[in-house]
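The numbering of the sequence shown is this note's numbering, which starts it at 21 and goes up by one. All C-beta atoms in this analysis are idealised placements derived from N, C-alpha and C, irrespective of residue type, glycine included. Keep in mind it's a predicted model, so treat the numbers as computed, not measured.
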Amino acid sequence: MNKRPLIGVSGCRELGSMHPFHRCSEKYLLAVINPIGGTPVILPALPDLEGFADYIDGLLLTGSPSNVEPAQYRGKESEEGTRHDTYRDGTILPLVKECLKRKIPILGLCLGNQELNVACGGTLHQRIADLDDKFDHRMRRDEEDHEKRYRLAHNIDIISGGLLEKITSLTRTNVNSLHAQGIDQLGNGLRIDAVAPDGVVEAISSTDPDTFALGVQWHPEWPRPLNTVNTKIFKAFGEACRQRSLKY
Numbered sequence: 021m022n023k024r025p026l027i028g029v030s031g032c033r034e035l036g037s038m039h040p041f042h043r044c045s046e047k048y049l050l051a052v053i054n055p056i057g058g059t060p061v062i063l064p065a066l067p068d069l070e071g072f073a074d075y076i077d078g079l080l081l082t083g084s085p086s087n088v089e090p091a092q093y094r095g096k097e098s099e100e101g102t103r104h105d106t107y108r109d110g111t112i113l114p115l116v117k118e119c120l121k122r123k124i125p126i127l128g129l130c131l132g133n134q135e136l137n138v139a140c141g142g143t144l145h146q147r148i149a150d151l152d153d154k155f156d157h158r159m160r161r162d163e164e165d166h167e168k169r170y171r172l173a174h175n176i177d178i179i180s181g182g183l184l185e186k187i188t189s190l191t192r193t194n195v196n197s198l199h200a201q202g203i204d205q206l207g208n209g210l211r212i213d214a215v216a217p218d219g220v221v222e223a224i225s226s227t228d229p230d231t232f233a234l235g236v237q238w239h240p241e242w243p244r245p246l247n248t249v250n251t252k253i254f255k256a257f258g259e260a261c262r263q264r265s266l267k268y
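The structure is reproduced here in structure tokens:
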């Protein structure tokens, strides 16, 4: 019987009517089951969880309505109304560093892509839409249809020699776009794998050939059924996790 790799899935902390609770959207758990082919375990946004690296075969960094607190990357104070989850920051950023050190496979989606960059010492643009040479990468706020919010929004150019090109064998593809923030300065040990037409970084990966660490700025987990490109990304991550599970 083949062992299914155990995939840690980042959770978020939110305030309920009386008590805080931890959540993770089902779409990420479904992606872990298929096409990744793993067993998901939700990681609560609580401190001192680097020890989870002893048990997981891979780390999936999910998207979220929240943003990395700018103090984590020496950024200026956020504008009023910007959502943050300092508990998630305090959990995930140290865990990413630990997983990179142990060469545990990492796949970051949207916010997860930004977390990977910040964990490696990179910085973020807090409001891409306010930059003169960039377009608005956020979903349309007047669009109530959930499926339409996740529709393909623009193309990306995939850079030769990166992990994303290796996985997809493509030079260009189309992606959805639901993010207000994005990568500014690239983190240490990372390379740019794809860019949008306006130059915004859409994918990054580790420069270490022995480490599977990939971040994508879009949401490949939705809508389902997944398209071919997004399926390939998840399957490649799943295979990296399986290979690690066989070693440890």
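Cβ neighbours of P40 within its own chain (closer than 6 Å, five residues either side excluded): R33. A Cβ-Cβ contact shorter than 7 Å links L80 with V29. Secondary structure of I124 (DSSP, three-state): coil. With contacts defined by Cβ atoms closer than 7 Å, I203 and N137 form a contacting pair. In the displayed model, F41 falls within a strand according to three-state DSSP. Within the model, the alpha-carbon separation for P125 versus R147 is close to 29 Å. Excluding sequence positions up to five before and after S98, its CB lies within less than 8 Å of the CB of N87, E89, P90, H104, Q146, all in the same chain and listed in chain order.
By alpha-carbon distance to D68, the top candidate from L234, P114, A256, D230 is P114.
Between the segment 238-256 and the segment 204-215 there are fewer than three C-beta pairs closer than 8 Å, too few to call the two in contact.
With a cutoff of 7 Å on beta-carbon distance, L144 and Q134 are scored as near each other. Measuring C-alpha to C-alpha distances from G110 to each of G31, S225, K96, A260 identifies G31 as the nearest. Rounded to the nearest whole angstrom, the C-alpha separation of Q205 and A173 is 24 Å. Taking a contact as a CB-CB distance under 8 Å, the pair L190 and L234 does not count as one, their CB atoms being some 14 Å apart. Secondary structure within the segment 46-88: the beta strand (DSSP E) runs of 3 or more consecutive residues, fully enclosed, are 59-63, 78-81 (chain order). The Cβ atoms of R264 and D77 lie closer than 7 Å to each other. In the three-state reduction of the DSSP assignment, G28 falls in the strand class. In this chain, A200 is not harboured by any alpha helix (DSSP H), its DSSP state being neither H nor E. The beta carbon of P55 is closer than 8 Å to those of L246, T251, F254, K255, G258 in its chain, skipping five residues each way along the sequence.
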